[in-house]
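Visitor: Before I ask anything, let me first share the structure, which is written out below as structure tokens.
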Amino acid sequence: MAHETEEAKLSQQYDEITGAMTVPFRGEKRTLQEMWAYLQESNRGTRQEAWELSYNRALADQDKLDCLFESMFQCRKQMATNTGIKNYRDYAWRRLRRFDYTPDQCTTFHLAIESAILPVVCELQKQRLKQLCVDTLRPWDTEVDPNGHAPLRPFIGIPELVARTQRVFDRIDGELASGFQQLQDLRLMDLENRQNKAPGGYQVPLSESRMPFIFLNTVGVHMDVLTLFHEGGHAFHTLASQSQPLVSYRTSIPIEFCEVASMSMELIGSEHLSEFYSPADVRRARRAHFEAILTSFPWLATVDAFQHWIYMHPAHTRAERAEAWLALMNRLGGLVDWTGCERVRANLWHDVGHIFQCPFYFVEYGIACLGALQIWANWKRDPNGALAAYKRALALGGSRPLPVVRDELDELSA
Ligand SMILES: [Zn+2]
Numbered sequence: 004m005a006h007e008t009e010e011a012k013l014s015q016q017y018d019e020i021t022g023a024m025t026v027p028f029r030g031e032k033r034t035l036q037e038m039w040a041y042l043q044e045s046n047r048g049t050r051q052e053a054w055e056l057s058y059n060r061a062l063a064d065q066d067k068l069d070c071l072f073e074s075m076f077q078c079r080k081q082m083a084t085n086t087g088i089k090n091y092r093d094y095a096w097r098r099l100r101r102f103d104y105t106p107d108q109c110t111t112f113h114l115a116i117e118s119a120i121l122p123v124v125c126e127l128q129k130q131r132l133k134q135l136c137v138d139t140l141r142p143w144d145t146e147v148d149p150n151g152h153a154p155l156r157p158f159i160g161i162p163e164l165v166a167r168t169q170r171v172f173d174r175i176d177g178e179l180a181s182g183f184q185q186l187q188d189l190r191l192m193d194l195e196n197r198q199n200k201a202p203g204g205y206q207v208p209l210s211e212s213r214m215p216f217i218f219l220n221t222v223g224v225h226m227d228v229l230t231l232f233h234e235g236g237h238a239f240h241t242l243a244s245q246s247q248p249l250v251s252y253r254t255s256i257p258i259e260f261c262e263v264a265s266m267s268m269e270l271i272g273s274e275h276l277s278e279f280y281s282p283a284d285v286r287r288a289r290r291a292h293f294e295a296i297l298t299s300f301p302w303l304a305t306v307d308a309f310q311h312w313i314y315m316h317p318a319h320t321r322a323e324r325a326e327a328w329l330a331l332m333n334r335l336g337g338l339v340d341w342t343g344c345e346r347v348r349a350n351l352w353h354d355v356g357h358i359f360q361c362p363f364y365f366v367e368y369g370i371a372c373l374g375a376l377q378i379w380a381n382w383k384r385d386p387n388g389a390l391a392a393y394k395r396a397l398a399l400g401g402s403r404p405l406p407v408v409r410d411e412l413d414e415l416s417a
């Protein structure tokens, strides 16, 4: 228990270090989340400037983050040793209650992503190169609209984001929509990005009231809309499983299914983006969304394989860890040209809060994404049937193991 307390304290330090990162840009002090929006600017010079400023700021804390990770790593090794489990990976597997798939199956998943999805991602990157009329794809070229359109600006201010999102959920389903309205009435959302606020976005169930709480860092970009759909999906899960009698049935739901609840809402919500955009912008946003989904698979394989490497090489040095990361970036990183940005590339994993704060929690997104794509496909064929199945599967909470929830969902939507 002492090690878990220490790990939780160290985890807070990650939020403190990354939450305090700001840069001066155009006369104002800005958070790195705010700077992310500039990577969508059509002017390449602006993007490069914003990218370099942000990552140089992050590099200034490189040593701090490496040291922090090493403390966490020692703490985790000790946790495994104390319980007599031979390595932290096996310990994490039990801690995450992964009874339905093995580490070897994760490795198979990485290989499948490498052979089936990575070539498509490389093809999309080649298209992007041509569209942008550039010789090489630099790290600051991946977020911009490839046809030179100005970035999508879906809302100005939180009230507009919330009102439009409410209308999207109204169009999807009356019951889900009233759940989202309840979050507003009870002030259960903190959505704006501000200095010294912890980064990231998540939904958390409040155990006393059994109500969801949504925490985000929105800055006015399209991703914020998708993230609110996503966390909305998690909130619907919390609301749907409210009446499960056992605490663990309400709070210990298989994460692989939790992310199906949220990612399905991203996909179904995106069918109603006309609440935010013109028809032409809806097409752009949809294409970018599917591109992002494809691109996310090689990234998640990289992050997941890296964590397997770290915890299966418990005596590794800092240099060996960087080498292992770079080997994975070479294998799964696509066509991005990192010349001159090697230090950033070697430390890119510092951006992934999960590696610090919830070890091994990442592959779930890939497993869940496949499930969400299936629900979305069902919804395209039969919206009412698919949503009824979705809601009934959500209501099961953690009362059934993952394969049973999946089978029920299949049956219900058949
Ligand atoms: Zn999520």
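Under my numbering, the first residue of the sequence shown is numbered 4, with each subsequent residue one higher. Where a beta carbon is used, it is the ideal one built from N, C-alpha and C, also for glycine.
1) Is LEU127 helix, strand or coil by DSSP?
2) Of all the options GLU44, ARG384, ALA396 and ASP307, which has the alpha carbon lying nearest to the alpha carbon of PRO154?
3) List the whole-angstrom C-beta distance separating TYR94 from THR86, where the pair is believed to meet the contact cut-off of C-beta under 8 angstroms.
4) Can you tell me which of THR25, TYR91, LEU13 and LEU127 puts its alpha carbon nearest to the alpha carbon of GLU294?
5) Along the alpha helix (DSSP H) that carries ILE88, what are the first and last residues, could you check?
6) THR342 lies in the beta strand (DSSP E); which residues open and close that run?
7) Less than 7 angstroms between the CB of GLU259 and some heavy atom of ligand 1, yes or no?
8) So what does DSSP say about MET24, is it helix, strand or coil?
9) Could you give the distance in angstroms between the alpha-carbon of CYS125 and the alpha-carbon of SER210?
10) Between LYS133 and the rest of its own chain, which residues show a CB-CB distance below 6 angstroms, the 5 nearest in sequence each way excluded?
11) Could you give the DSSP three-state label for VAL355: helix, strand or coil?
12) Please work out which residues of its chain come closer than 7 angstroms, Cβ to Cβ, to PRO362, disregarding the five sequence neighbours upstream and downstream, and give them in chain order.
13) Jot down the residue ranges of each uninterrupted alpha helix (DSSP H) in the stretch 228-295, minimum 4 residues, whole runs only, in chain order.
14) Kindly list the residues whose CB is nearer than 6 angstroms to the CB of GLN245, restricted to its own chain and excluding five residues on each side of it in sequence; keep chain order.
15) Helix, strand or coil for PHE218 per DSSP?
16) Could you say if the stretch 163-171 and the stretch 267-280 meet the contact criterion of at least three C-beta pairs nearer than 8 angstroms?
17) According to DSSP, is ARG156 part of a helix, a strand, or is it coil?
18) So which of GLU262, LEU303 and MET332 has the shortest CA-CA distance to VAL408?
19) Would you identify the three-state DSSP class for LEU420, choosing helix, strand or coil?
20) Check this for me: beta carbons of ALA180 and MET266, under 8 angstroms apart or not?
21) On the three-state DSSP scale, how would you describe LYS383?
22) Looking at GLN16 and LEU71, is the spacing between their C-beta atoms short of 8 angstroms?
23) Would GLY356 and TYR252 be called neighbours here (beta carbons separated by less than 8 angstroms)?
24) Could you tell me the alpha carbon to alpha carbon distance between TYR91 and LEU397, rounded to whole angstroms?
25) Return helix, strand or coil for GLU31, following the three-state DSSP convention.
26) Identify the residues that DSSP records as bridge partners of LEU209: which are they?
27) Taking C-beta to C-beta, are HIS237 and GLN206 nearer than 8 angstroms?
28) Cutting at 8 angstroms between CB atoms, please list the residues of its own chain near THR25, excluding the five before and the five after it.
29) Is there at least one non-hydrogen atom of ligand 1 closer than 7 angstroms to the beta-carbon of HIS240?
30) When the Cα atoms are used, what is the spatial distance from LEU219 to LEU297?
31) Could you give the residue range of the beta strand (DSSP E) that holds GLU178?
32) For GLU323, report the span of its alpha helix (DSSP H) as first-last.
33) Can you tell me where the beta strand (DSSP E) holding LEU194 begins and where it ends?
34) Just the Cα atoms here: how many angstroms apart are ALA349 and TRP39?
35) VAL366 by DSSP, collapsed to three states: which one?
36) Can you say whether VAL137 is buried or exposed, counting buried as having 16 or more other CB atoms within 10 angstroms of its CB?
Guide: On the basis of the data shown:
1) In the structure shown, LEU127 falls within a helical segment according to DSSP collapsed to helix, strand and coil.
2) Measuring from the Cα of PRO154, the nearest candidate turns out to be GLU44.
3) Indeed they touch by this definition, with Cβ atoms about 6 angstroms apart.
4) Ranked by how close their Cα comes to the Cα of GLU294, the residues THR25, TYR91, LEU13 and LEU127 have LEU127 in first place.
5) Per DSSP, ILE88 belongs to no alpha helix (DSSP H) and is neither H nor E.
6) THR342: not part of any beta strand (DSSP E); DSSP gives it neither H nor E.
7) Not so, every heavy atom of ligand 1 lies at least 7 angstroms from the Cβ.
8) Here MET24 sits in coil by DSSP.
9) One C-alpha to the other measures close to 44 angstroms.
10) Hits under 6 angstroms: none found.
11) The answer is coil: DSSP assigns VAL355 none of H, G, I, E or B.
12) Closer than 7 angstroms at the Cβ level, and outside the excluded window around PRO362, lie ARG79, ALA95 and GLN310.
13) As far as the stretch 228-295 is concerned, its whole alpha helix (DSSP H) runs of at least 4 residues are 250-254 and 258-272.
14) The beta carbon of GLN245 sits closer than 6 angstroms to the beta carbons of ARG213 from its chain, once the five residues preceding and following it are set aside; these are given in chain order.
15) For PHE218, the secondary structure class from DSSP, reduced to helix, strand or coil, is strand.
16) Yes, since at least three Cβ pairs between the stretch 163-171 and the stretch 267-280 fall closer than 8 angstroms, the two stretches touch.
17) The three-state reading of DSSP puts ARG156 in coil, since its state is none of H, G, I, E or B.
18) It is GLU262.
19) Limits of the chain in this structure are 4 at one end and 417 at the other, which puts residue 420 out of reach.
20) Against a cut-off of 8 angstroms, the Cβ pair of MET266 and ALA180 comes out as no contact.
21) LYS383 falls in the helix class under three-state DSSP.
22) Yes. Within cutoff.
23) No, the pair does not count as a contact, with Cβ atoms beyond the cut-off.
24) The straight-line gap from Cα to Cα measures roughly 31 angstroms.
25) The answer is strand: DSSP assigns GLU31 an E or B state.
26) The partner list for LEU209 (beta bridge, DSSP) reads MET214.
27) It is a contact, given that the beta carbons lie within the stated cut-off.
28) For THR25, where only same-chain residues beyond five positions count, the Cβ hits under 8 angstroms are LYS32, ARG33, THR34, LEU35, ARG60 and GLN198.
29) It does not: the Cβ of HIS240 is nowhere closer than 7 angstroms to a heavy atom of ligand 1.
30) Going from the Cα of LEU219 to the Cα of LEU297 covers about 24 angstroms.
31) In the DSSP assignment, GLU178 falls outside any beta strand (DSSP E) and within the unbroken alpha helix (DSSP H) covering 177-188.
32) That run of the alpha helix (DSSP H) goes 321-335.
33) Element bounds for LEU194: 192-195.
34) So the two alpha carbons sit approximately 20 angstroms from each other.
35) DSSP places VAL366 in helix when its eight states are reduced to three.
36) The C-beta of VAL137 has fewer than 16 other C-beta atoms within 10 Å across all chains shown, which makes the residue exposed.
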